[in-house]
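Heads up, the thing below is written out as structure tokens.
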Amino acid sequence: MTMRGAGKIQTGERTRKSFYRRGHGGVPRRAPRNLVSLLAICLACVLFASPVGGQVTFERLVNSAKEPQNWMTYSGDYSGKRFSALDQINRTNVHSLVAKWVYQTGATGKLETSPLVVDGILYATAQDDRAFALDAGTGRPIWMYQRQLPGDIRPCCGRVNRGLAILGDKVFLGTLDAHVIALDAKTGNVVWDVVAADYRTGHSFTVAPLAVKDLVVIGISGGEYGVRGFIDAYDAATGERKWRFYTVPGPDEPGHESWEGDSWKTGGAPAWNTGTYDPVTNQIFWPTGNPAPSNRGEGRAGDNLYSNSLLALNADTGKMNWYFQFTKHDEHDWDATQVPVMIDAGGKHLIAQADRNGFFYVIDRTSGKLISATAYGKITWSDTKDAEGRPVANNQSSPTLEGRTVCPGALGTTNFMAPTYDPQTALFYVTARDQCDIFSTAPQPYEAGHAYYGSAYFPSEEAKPYRGFLKAIDPTTGQVKWKFEHASPTWSGVLSTAGGLVFTGDAEGNFIAFDAALGKAVWHFQTGGAVYAAPMAFAVDGKEYVAIAAGSAVYAFGLP
Amino acid sequence: MGFVGLVLLGIAAHAADDRSPLAGDAKAAKAGEYQFRINCALCHGLGAHGGGRGPDLTRAVKKHTHSDAEMFQVISNGIPGTAMPANGTNGQGVGMTDKEIWQIIAYIRSQEVKAPAKAVGNASHGKDLFYGDANCSLCHMIEGKGGRVGPELTGVGGSRTREAIIDSVRNPSRRLAWGLTEATKEFPQEYESVTVVTAEGKEIKGVTLNEDSFSVQIMDTSEQIHLLEKDKLRSFQKSRQSAMPVYGADLLSDKDLEDIVAYLTSVGAK
Chain A
0 MTMRGAGKIQ TGERTRKSFY RRGHGGVPRR APRNLVSLLA ICLACVLFAS PVGGQVTFER
60 LVNSAKEPQN WMTYSGDYSG KRFSALDQIN RTNVHSLVAK WVYQTGATGK LETSPLVVDG
120 ILYATAQDDR AFALDAGTGR PIWMYQRQLP GDIRPCCGRV NRGLAILGDK VFLGTLDAHV
180 IALDAKTGNV VWDVVAADYR TGHSFTVAPL AVKDLVVIGI SGGEYGVRGF IDAYDAATGE
240 RKWRFYTVPG PDEPGHESWE GDSWKTGGAP AWNTGTYDPV TNQIFWPTGN PAPSNRGEGR
300 AGDNLYSNSL LALNADTGKM NWYFQFTKHD EHDWDATQVP VMIDAGGKHL IAQADRNGFF
360 YVIDRTSGKL ISATAYGKIT WSDTKDAEGR PVANNQSSPT LEGRTVCPGA LGTTNFMAPT
420 YDPQTALFYV TARDQCDIFS TAPQPYEAGH AYYGSAYFPS EEAKPYRGFL KAIDPTTGQV
480 KWKFEHASPT WSGVLSTAGG LVFTGDAEGN FIAFDAALGK AVWHFQTGGA VYAAPMAFAV
540 DGKEYVAIAA GSAVYAFGLP
Chain B
0 MGFVGLVLLG IAAHAADDRS PLAGDAKAAK AGEYQFRINC ALCHGLGAHG GGRGPDLTRA
60 VKKHTHSDAE MFQVISNGIP GTAMPANGTN GQGVGMTDKE IWQIIAYIRS QEVKAPAKAV
120 GNASHGKDLF YGDANCSLCH MIEGKGGRVG PELTGVGGSR TREAIIDSVR NPSRRLAWGL
180 TEATKEFPQE YESVTVVTAE GKEIKGVTLN EDSFSVQIMD TSEQIHLLEK DKLRSFQKSR
240 QSAMPVYGAD LLSDKDLEDI VAYLTSVGAK
């Protein structure tokens with residue numbers, strides 16, 4: 000037996016011990032040299048019905064809870080909880096956590112990646128469409144891919160990427176020049192490369208795709224360039240596009256009447272954060288971003304569907320079952336591109352979304368009906384709700400030429416940073432900020448490939464200092480159970496683990512562990528660079544790790 | 000005098016070679032105004048008059064740029080060692096295309112005041128005040144001479160407007176000065192006042208050089224650096240009341256303040 004990790008292929012066992020075993024298919028380091036080895040592997044296949052050779056099947060993604068040593072989707076599972084069932088690192092020993100390895104990406108700017116780990120290999124991305132695979136136990140690289148990008152790409156907010164999807168023997172990358180690429184998981188070789196849209200008109204990808212069934216689902220960026228947003232699904236084997244859902248309806252489609260004149264053609268509503276998937280109803284939940292121009296409503300009168308909305312799409316066809324719009328006719332860049340977290344509580348199937356507009360929404364995911372909307376940060380744009388309980392904008396929120404102060408500011412109460420839901424504490428943890436901006440109109444004509452804002456915005460000095468928090472919200476009441484104030488606002492996502500811990504990072508470069516119930520910081524490590532990424536957890540050879548990207552490196556922490 | 004004349008001639012000749020493709024285009028200047036509001040006004044103010052963070056760009060003579068081509072370089076690549084970021088890296092959103100940068104330059108040129116404003120004050124007297132009766136140099140350093148507790152001011156006259164300097168002297172707490180800027184960190188450290196009591200009961204008063212959730216680096220009023228872990232302190236109190244005293248007209252007359260501004264401007268323009 001030449002397989003690393005004792006050669007025992009673990010699967011199906013639900014004992015905690017098995018969570019930490021390396022394996023589940025394992026990684027052959029050398030080819031088996033004799034029949035006995037082959038037989039041993041095949042016997043293991045039969046006994047445990049285990050996929051071998053690193054193949055990630057749809058069934059494994061659906062049943063990801065059975066292999067908590069792995070982290071196989073952007074949020075760790077299809078529900079978007081970003082919760083790890085690993086508990087080797089816990090409240091009693093977290094104080095002794097140490098850095099086990101650091102991988103330097105060599106990239107500059109904001110590192111937003113959330114790694115995947117499958118069977119001992121970590122897959123992640125960095126700026127300028129780098130992708131790489133590491134030995135998850137040592138941090139040593141196995142392969143590295145970097146796309147040759149054109150010089151005139153139009154990334155709105157940094158040359159960033161938030162991660163990969165994995166299915167079968169491939170990983171999938173969306174690129175800044177709006178291609179979707181499949182890389183061989185073992186070598187990083189390009190298997191297929193398809194063009195989703197023209198980057199010269201402001202289309203790009205920054206999102207981690209989501210693999211569902213045999214499809215790779217991905218949403219476009221470019222709301223700041225007046226693209227017409229869409230969500231695509233590609234055949235994972237061939238790259239053939241199977242469906243496209245335009246987030247701005249065309250003529251004769253329902254919702255088209257919510258756009259004035261031809262404004263739908265440049266209506267924005269991008270889809271640049273990873274959605275979630277409900278295997279029971281075969282629905283993809285995917286959030287959308289701001290209408291374009293992002294900060295000027297003149298010329299696009301109406302609700303501007305389906306901007307700033309949560310969409311429930313049939314995974315096979317891309318047909319919409321329902322939508323819920325968080326901010327109608329947005330003039331403040333309040334993309335609803337936050338992870339829609341599936342929560343089951345009190346016999347109800349829910350989605351919880353902490354929105355950029357400052358309200359925490361709970362939605363029935365069967366019907367799309369709103370259950371509650373509660374402010375979780377500083378709000379000035381709304382003081383009433385409609386008959387369905389939806390916050391309604393007041394008349395003091397539209398940008399003016401001389402400038403008008405509105406809270407939250409354009410960056411929102413939260414943004415793309417991934418939240419977490421911990422089933423053990425039944426709390427939803429989210430990074431939040433209190434900042435108000437002055438919105439001042441600056442009308443621009445649409446010009447293909449050019450920034451299309453329509454207003455300037457900058458922080459209101461009156462609202463200083465800008466404050467950043469980690470907030471723990473009880474989804475049943477919408478109330479903030481505890482909060483921790485950071486030294487300054489952070490862009491870090493949040494991870495919860497069965498060890499009773501919540502992990503996040505800060506703008507000052509600290510990676511921090513909190514007692515999930517009490518909100519007390521119980522451990523921290525100075526990484527040396529601001530955190531713009533989301534943490535995740537995995538196990539190799541029976542040892543739990545927690546990983547975070549910070550500065551220009553990926554860090555993995557474990558017990559000594 | 001002859002030397003200055005030659006230098007000026009050199010600049011003029013350089014500028015003539017490096018003019019914007021959109022020079023003098025009024026429509027481009029108007030488009031540039033909106034680009035300016037979106038991309039530049041945060042620091043340089045809505046009318047390019049300087050917003051308290053960045054220099055007044057309506058000045059005909061600028062510190063870092065003379066020709067349009069130089070201005071293009073500065074907008075594209077930023078100015079190392081200053082708060083001026085490279086195009087597209089300030090986190091405020093989209094980077095500009097080349098055409099949009101030229102539009103902004105056309106706008107800035109359209110806003111320039113052709114004759115530089117005459118210095119109102121007496122720079123020589125301002126220098127005497129700075130190092131003498133006004134006590135500025137107890138905390139501020141210029142060209143290697145002075146104190147360390149407050150921001151270094153050698154370049155301030157070149158990068159801040161007269162109005163911003165006067166405001167920061169009269170109302171020092173209204174807008175705290177920026178200190179250390181860290182790569183990829185969104186907000187620079189500000190000159191916040193801090194008072195701590197150590198575990199041994201020792202009180203330290205000073206300004207924050209830097210701070211995070213777990214540690215703080217302080218310079219006290221006698222310029223000693225203290226490196227402290229917050230959880231080991233008996234108390235930790237921050238204040239947005241600047242450590243700089245409020246210089247009202249009773250402490251510093253308008254005329255004397257103009258003289259100090261003239262001194263800072265003469266040094267900063269070098």
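Going line by line, the protein sequences match chains A and B. The first sequence begins at 0 in numbering that gives the first Met the number 0 and counts up one residue at a time. The second sequence begins at 0 in numbering that gives the first Met the number 0 and counts up one residue at a time. Each residue gets a CB set at the ideal place from its N, CA and C atoms; glycine is no exception. Everything numeric in this text was worked out from a predicted model, so none of it was measured.
Counting along the chain, where does the alpha helix (DSSP H) carrying Gly267/B start and finish?
Looking up residue 267/B in the second sequence gives position 268. It spans Asp253 to Gly267 - the alpha helix (DSSP H) in which Gly267/B sits, taken as one unbroken run.
Going by DSSP, what residues sit across from Gln110/B in a beta bridge?
The residue labelled residue 110/B in the question sits at position 111 within the second sequence. Answer is none; Gln110/B lacks a bridge partner.
Report the residue ranges of all beta strand (DSSP E) runs contained in full by the segment 512 to 548 of chain A; include only those spanning at least 3 residues, in chain order.
520 to 525 and 535 to 539
Who are the near neighbours of Pro20/B in its chain, counting only those whose CB is closer than 8 Å to its CB and skipping five residues on each side?
In the second sequence, the residue the question calls residue 20/B occupies position 21. Cβ neighbours of Pro20/B beyond the five flanking positions: Trp101.
Rounded to whole angstroms, what is the Cα-Cα separation between Gly75/A and Pro54/B?
What you label residue 75/A is simply residue 76 of the first sequence in a count that begins at 1. What you label residue 54/B is simply residue 55 of the second sequence in a count that begins at 1. The alpha-carbon atoms of Gly75/A and Pro54/B are separated by roughly 48 Å.
CB Val168/B to CB Tyr246/B, shorter than 9 Å?
Within the second sequence, the letter at position 169 stands for residue 168/B. Within the second sequence, the letter at position 247 stands for residue 246/B. Yes, the Cβ-Cβ distance between Val168/B and Tyr246/B is below 9 Å.
Anything in chain B within Cβ reach of Ala506/A, meaning under 9 Å, just list it in chain order.
As a first step, residue 506/A is located in the first sequence; it is residue number 507 there, counting from the start. Result: Glu181, Thr183, Lys184, Glu185, Phe186 and Asp211.
Determine whether the beta carbon atoms of His331/A and Tyr198/A lie at a separation below 9 Å.
For the purposes of this step, residue 331/A is taken as the residue at position 332 of the first sequence. For the purposes of this step, residue 198/A is taken as the residue at position 199 of the first sequence. In this structure, Tyr198/A does not lie closer than 9 Å to His331/A by Cβ.
What are the uninterrupted segments assigned as beta strand (DSSP E) that are 3 or more residues long and contained completely in the segment 288 to 353 of chain A, given in chain order?
Segments of the beta strand (DSSP E) lying fully in the segment 288 to 353 of chain A: 308 to 313, 319 to 324, 340 to 344 and 347 to 353.
Secondary structure of Tyr375/A, DSSP reduced to three states:
Taking the first sequence and counting its residues from 1, one reaches residue 375/A at position 376. If DSSP states are grouped into helix, strand and coil, Tyr375/A belongs with coil.
Rank Tyr375/A, Gly346/A and Thr112/A by C-alpha distance to the C-alpha of Asp473/A and give the top, closest one.
Start at 1 with the first residue of the first sequence, and residue 473/A comes out as number 474. That would be Tyr375/A, whose Cα lies nearest to the Cα of Asp473/A.
Local conformation of Gly136/A per DSSP, three classes:
As a working mapping, residue 136/A is identified with position 137 in the first sequence. Three-state DSSP puts Gly136/A in coil, outside helix and strand.
What distance in whole Å lies between the Cβ atoms of Ile437/A and Thr404/A, which are believed to be in contact at a cut-off of 8 Å?
What you label residue 404/A is simply residue 405 of the first sequence in a count that begins at 1. What you label residue 437/A is simply residue 438 of the first sequence in a count that begins at 1. 5 Å between Cβ atoms; contact.
Where Asn272/A meets chain B, residues with beta-carbon distance less than 8 Å
Here residue 272/A refers to the residue found at position 273 when the first sequence is read from its first residue. In chain order: nothing, as chain B lies at least about 17 Å away.
Residues in the segment 510 to 521 of chain A with C-beta within 9 Å of chain B's C-beta atoms, listed in sequence order?
Going along the segment 510 to 521 of chain A in chain order, one finds Ile511 and Ala520 with a Cβ nearer than 9 Å to chain B.
Under the three-state reduction of DSSP, which class applies to Asn188/A: helix, strand or coil?
To locate residue 188/A, count along the first sequence from 1; it is residue 189. Asn188/A falls in the coil class under three-state DSSP.
Determine the chain B residues that contact Gln443/A at a beta-carbon separation under 9 Å, and present them in chain order.
Your numbering for residue 443/A matches position 444 in the first sequence. Within 9 Å Cβ-Cβ: Ala30, Tyr33, Gln34 and Ile37.
If you draw a straight line from the alpha carbon of Glu163/A to that of Gly249/A, how long is it in whole angstroms?
On the first sequence, residue 163/A is found 164 positions in, with the first residue counted as 1. On the first sequence, residue 249/A is found 250 positions in, with the first residue counted as 1. Contrary to the premise, residue 163/A reads as Leu rather than Glu in this sequence. Taking the straight line joining both Cα atoms gives about 31 Å.
So for Tyr233/A, helix, strand or coil by DSSP?
Reading the first sequence from its first residue, position 234 is the one you call residue 233/A. In this structure, Tyr233/A counts as strand in the three-state DSSP scheme.
Could you compute how far the alpha carbon of Ala132/A sits from the alpha carbon of Phe556/A?
In the first sequence, residue 132/A corresponds to position 133, counting from 1. In the first sequence, residue 556/A corresponds to position 557, counting from 1. Our two residues, Ala132/A and Phe556/A, have alpha carbons roughly 18 Å apart in a direct line.
Exposure label - Asp67/B; buried when at least 16 CB within 10 Å:
Against the second sequence, residue 67/B aligns to sequence position 68. Burial call: buried.
Enumerate, from N- to C-terminal direction, the unbroken beta strand (DSSP E) stretches of 3 or more residues contained entirely within the segment 66 to 116 of chain A.
97 to 103
Alpha-carbon to alpha-carbon, Glu58/A and Leu209/A
Position 210 of the first sequence, counted from the first residue, corresponds to residue 209/A. Position 59 of the first sequence, counted from the first residue, corresponds to residue 58/A. Approximately 14 Å between the Cα atoms of the pair.
By DSSP, does Gln236/B sit in helix, in strand, or in coil?
Indexing the second sequence from 1 puts residue 236/B at position 237. Looking at Gln236/B - three-state DSSP - the assignment turns out to be strand.
Buried or exposed for Pro67/A, going by 16 or more other Cβ atoms inside 10 Å?
By 1-based counting over the first sequence, the position of residue 67/A is 68. With 16 or more Cβ atoms within 10 Å of its Cβ, Pro67/A is classed as buried.
For Thr413/A, three-class secondary structure by DSSP:
Locating residue 413/A in the first sequence gives position 414, where the first residue counts as 1. DSSP places Thr413/A in coil when its eight states are reduced to three.
Assess, as a yes-or-no matter, whether the segment 268 to 287 of chain A is touched by the segment 73 to 87 of chain A under the definition of 3 or more beta carbon pairs within less than 8 Å.
yes
Start and end residues, beta strand (DSSP E) containing Ala164/A:
Along the first sequence, read from residue 1 onward, the residue named residue 164/A stands at position 165. First-last of the beta strand (DSSP E) with Ala164/A: Ala164 to Leu166.
Alpha carbon of Asn393/A to alpha carbon of Asp382/A, nearest angstrom:
Taking the first residue of the first sequence as position 1, residue 393/A is located at position 394. Taking the first residue of the first sequence as position 1, residue 382/A is located at position 383. For Asn393/A and Asp382/A, the distance between alpha carbons rounds to 7 Å.
Under DSSP, the alpha helix (DSSP H) around Val245/B begins and ends at which residues?
Here residue 245/B refers to the residue found at position 246 of the second sequence. From DSSP, Val245/B is part of no alpha helix (DSSP H); its letter is neither H nor E.
Can you tell me where the beta strand (DSSP E) holding Pro218/B begins and where it ends?
Residue numbering aside, residue 218/B sits at position 219 when the second sequence is read from its first letter. For clarity, residue 218/B is Met in the given sequence; the question names Pro instead. First-last of the beta strand (DSSP E) with Met218/B: Ser214 to Asp219.
For a cutoff of 9 Å on Cβ pairs, would you count Gly528/A as touching chain E?
Considering every chain present, this structure includes no chain E. Its protein chains are A and B.
Run down chain A in chain order and give the residues with a C-beta less than 7 Å from the C-beta of Leu56/B.
Here residue 56/B corresponds to residue number 57 of the second sequence, with the count starting at 1. Identification of chain A residues near Leu56/B by a Cβ-Cβ cut-off of 7 Å yields none; the smallest Cβ-Cβ distance measures about 16 Å.
So Gly288/A packs on Ala270/A, CB below 8 Å; how close in whole Å?
Here residue 288/A corresponds to residue number 289 of the first sequence, with the count starting at 1. Here residue 270/A corresponds to residue number 271 of the first sequence, with the count starting at 1. Gly288/A to Ala270/A, Cβ: 7 Å. Contact.
Could you tell me whether any Cβ in chain A is nearer than 9 Å to the Cβ of Ala271/B?
Look at the range of chain B in this structure, 0 to 269, and you will see that residue 271/B is not part of it.
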